[in-house]
Structures are given as structure tokens and as C-alpha cells.
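Below is one structure; the comments refer to it alone.
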Amino acid sequence: MLKTGITLSRLFEKTEPAARNRQIADLRIGLSYVGIKLDNGVAGLAAVLPGSTARGCTVLKEAGTYIGSPAVETLQYLVEAKDALRRAIGVATANALVLPESGKTEDREATTYLNLQPGEKVAMVGLFAPLVERIRSTGATLTVVEKNPERLEVLSAEEKQKALKDCDVAIITATTLLNGTFEETIGLLGRPRSVVLMGPSTPLVPEIFHDTPVTQLGGSIVADAAKALQVISEGGGTPALRHYLRFVNLLLPDKSR
7 MLKTGITLSR
17 LFEKTEPAAR
27 NRQIADLRIG
37 LSYVGIKLDN
47 GVAGLAAVLP
57 GSTARGCTVL
67 KEAGTYIGSP
77 AVETLQYLVE
87 AKDALRRAIG
97 VATANALVLP
107 ESGKTEDREA
117 TTYLNLQPGE
127 KVAMVGLFAP
137 LVERIRSTGA
147 TLTVVEKNPE
157 RLEVLSAEEK
167 QKALKDCDVA
177 IITATTLLNG
187 TFEETIGLLG
197 RPRSVVLMGP
207 STPLVPEIFH
217 DTPVTQLGGS
227 IVADAAKALQ
237 VISEGGGTPA
247 LRHYLRFVNL
257 LLPDKSR
């Protein structure tokens, strides 16, 4: 099993050279997302997890100092942060530094690449509500592994392990990178034919997943930084943000060769 946090460490190593000459032009922390805009106008996002902020008068002691600071300082949260909020700031910084090469991404809905068949087992780690009926309509069997009891019934540890071990296809939320469970989650997989890491937090960097079972990255590129940051500041989530994002997919090289 991969060491917890190694994927974010790789993300830091991959993006740190690009961060050296960049500064933070804007930073917004909303109820659902963190948004960072760099001095070149490019923005990146990452999710704010429920309960990820400390209670009390001081959540981020660095507040008031981020704008104008070197991007490498927030990028270092990928390897230094002890809490999910700072990790989200680090991931948002990395996502602003990463622009996939033109022609490498595709913008069809993520599940259309999976070619799901009747009777196949799909494990969804983190509830992607809009995909549930789409998946079930193929005849595939869907099991959702969700940590938040307010969204869905929480499976037992044994049920979670069985769902991951037995699945043919896994769809994993990129927030597992933020809460430190990504490496554990992929370590519980059996031999699925497809594994999708999905959500606006997803780093579109295939190289950091080279020795994982991930076959597809489903993430987002900020198309309108000003409007996206406004939505984040006003407490908006994915439904409000999606008008200002471009959802894209990267298909990773076949690892069976």
C-alpha cells in the first residue's frame, strides 16, 4: 500500500518549479470551495470539507497575508499541512499551476468512458448524486461509500472493504486527497478494470498516479476566474460554480502493458 500523503507529495514535486515565479493574486475560502487566482490570471479550486475548520476565533492565522505572497508558500501546504483546509489551499494552488496540454483532455460526461455493462459492480466513494441514476440505468449495481451520515447511510468497515474489493469499476472523490484517505482507499481495491478520480479538486497530473490503479481523471478547469471566485465568496457550491468551469477528463496510459 502506498504511504498516506505520497500523492500530494508528488503533486508538490511536480508543480513546485512552476510556482517559483508566481504570486497569489486572490484567495477565497467559501463554504464549499477554496479558490486561488495567480498573478497570471489562472485560477484553481479545491473542496472545503465539512468540519475541516477549527472552532474558535482564529481559523487561519495567515489570513490577511496571502495576497501577494509567493505561490510556493501555499503550495507547501501539500506536504506540510496538518488539516484539510490548508491541504485544500495547497491543492487549489497546484490546480492553478496545472494546465493540461491542448488536445489531451476530453469533455464528455465522465461515466460515458466507462462502458458499464449489466451486472457489473460499481463502487462510488463519495456521493456524486447526479451520476447515481445514470449508472443504475446501465444495469450495473452501485454501492456508495459515503462518510457524511447527513448525505447517506454510512456503510460498516466490512461493507466498505467488500464493495471496494469486489468492484469492477470504482469512482473515487478527489476529496480523499484532502482528508488523507486516498492511498488507503485504492489499497482496498481488488482488480477493477477502471478507476476514476473525480471532482473539481482533482489534480490533472497523470504522472503522480503512475503506480496506482487510477485510469481516468475527471476534473475541472476554471474558465472564468472572476465569476468563480465571486461564487465561492458568496457561499456557492458546484451547481453555482459549474457555469464558470470546464469539466474535463484525462485518460491515463494503459498500465497493463
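The opening position of the sequence shown corresponds to residue 7 in my numbering, with each subsequent residue numbered one higher. All C-beta atoms, glycine included, are put in the ideal place defined by N, C-alpha and C.
G205 sits away from K171, with the two beta carbons spaced by 8 Å or more. Judged by beta-carbon spacing, L14 lies beyond the 8 Å limit of L223, meaning their Cβ atoms are not closer than that value.
No residue range can be given for N121, since it is assigned to no alpha helix (DSSP H) and is classified by DSSP as neither H nor E. Sequence-distant partners of L17 (beyond 5 residues in either direction) whose C-beta falls short of 7 Å from its own C-beta, in its chain, are L84, A100, P209, V211 and I214.
I177 carries a strand assignment under DSSP once its states are collapsed to helix, strand and coil. The Cβ-Cβ distance between V202 and I227 does not fall below 8 Å.
If the five residues before and after E126 are omitted, its C-beta is found closer than 6 Å to the C-beta atoms of A146 and D174, all from its own chain and listed in chain order. As summarised for the stretch 178 to 241, the continuous alpha helix (DSSP H) elements at least 4 residues long and confined to that stretch are 181 to 184, 188 to 193 and 231 to 239, given in chain order. One Cα belongs to T117, the other to I141, and the distance between them is close to 8 Å. Under the three-state reduction of DSSP, N46 is assigned to coil, being neither helix nor strand.
When beta bridges are read from the DSSP output, P106 appears opposite no residue.
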